[in-house]
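In this note's numbering, the protein residues as written are 763 to 880.
Beta carbons: idealized from backbone N, C-alpha and C, even for Gly.
Given the structure is predicted, the values throughout are model-derived calculations rather than measurements.
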């Protein structure tokens, strides 16, 4: 049986792959939302494994802040904020393709950093 944390990790990887597929199809809204989802689910994975709350945006940002302090890596906060911009883009559709592509690359960096903490 897969743990809840492992499930979030699997969803994160799946969402990143789907974000890249959507980007290739020029579906910027879905690429954006899947990019955000990939970041959020990886944070949920870590929070779950540590017994932290992860039931909303506030809890996710709190977890990210603790992780940045814990690791001494403030870029974790910056990269998560980039993912959050993708979430906003899903609703507003203001980002050009190049920005979505760049932001997804930053989400990939975030996941690489966070995977070692899960």
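| Query | Result |
| --- | --- |
| Tell me the DSSP secondary structure of residue 866 in three-state form. | helix |
| Out of 833, 834, 799 and 812, point me to the one whose CA is closest to residue 848's CA. | 799 |
| Ordered along the chain, which non-local residues of its own chain (more than five positions away) have a Cβ less than 8 Å from that of residue 916? | Only positions 763 to 880 of the chain appear in this structure, which leaves residue 916 out of reach. |
| Measuring CA to CA, which of 783, 789, 797 and 766 is closest to residue 870? | 797 |
| Measuring only the C-alpha atoms, how far is residue 881 from residue 782? | No information on residue 881 is available, as it lies outside the stretch 763 to 880 that the chain covers here. |
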